[in-house]
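Following the numbering used here, the numbering of the sequence shown begins with 159 at its first residue and continues without gaps.
Note that the Cβ used here is the ideal one computed from N, Cα and C, for glycine as well.
Taking it in order: structure first as C-alpha cells, then the write-up.
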Amino acid sequence: MALSALGMVAVLGVACLLRPDPRGFGTHIQLGLAPCAFKTVTGNPCPTCGMTTSFAWFVRGRFVRSWCANPAGSLLAPTCLMTIPWLVAGAIRGRPVWFRSVEGPVITLVSSTVALSLFFWTIRLFLGGR
159 MALSALGMVA
169 VLGVACLLRP
179 DPRGFGTHIQ
189 LGLAPCAFKT
199 VTGNPCPTCG
209 MTTSFAWFVR
219 GRFVRSWCAN
229 PAGSLLAPTC
239 LMTIPWLVAG
249 AIRGRPVWFR
259 SVEGPVITLV
269 SSTVALSLFF
279 WTIRLFLGGR
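Structure, rendered in C-alpha cells:
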C-alpha cells in the first residue's frame, strides 16, 4: 500500500512538472515517450489519449481543461489524490481501512477506469472529437 501511495504521489508530481499540451493530448511526449501509435495509424484517438494532459491540467486546478483533454483522466486524477491518504493509513495499520483486502477496491478502481475510458472514447469517436 505504501508503494502504491508513493506511485500515485509520483504520478501527480510528474504531472506538476509537465507543461500541458494545448491540443489536449501529447503531453506524454515530454517524458520521451512516442506519440500515440493508435492515433498515428488510425487518425483517431485511443481511449487514453489526453490522459497525461488531463492530469497535468488537473494538478494546476484547470478542471474544465482536464475534462476536455480526457474525461476519464479528470475523474481518475482526483481519485488518485483521495486514495493516497487511504493507502498511507492502511500501510500504517498493516491492513486496509474499511475493507478486508485491497483487491476489491483496486479491482473496482481499475475496472471503473477502463469502463469510463471506453465510454468517453466511444462518445468522442461518434461526435468526431480529436
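Ranked by how close their Cα comes to the Cα of residue 280, the residues 188, 205, 196 have 205 in first place. In the structure shown, residue 192 adopts coil according to DSSP, grouped into three states.
Between residue 228 and residue 283, the CB-CB gap reaches or exceeds 8 Å.
Put simply, the backbone Cα of residue 222 is about 13 Å away from that of residue 208.
Cβ-Cβ distances below 8 Å link residue 217 to 170, 173, 174, 235 in the same chain, with the five nearest sequence neighbours on each side left out; the list follows chain order.
The three-state reading of DSSP puts residue 206 in coil, since its state is none of H, G, I, E or B. Between the region 159 to 170 and the region 231 to 250 there are three or more C-beta pairs closer than 8 Å, enough to call the two in contact. The beta carbons of residue 247 and residue 255 sit about 5 Å from each other, so the pair counts as a contact at 8 Å. Per DSSP, the unbroken alpha helix (DSSP H) holding residue 223 starts and ends at 221 to 227. Taken through DSSP and simplified to helix, strand or coil, residue 278 comes out as helix. Distance from the CA atom of residue 200 to the CA atom of residue 250, rounded to whole angstroms, is 47 Å. DSSP places residue 260 in no alpha helix (DSSP H); its state is neither H nor E.
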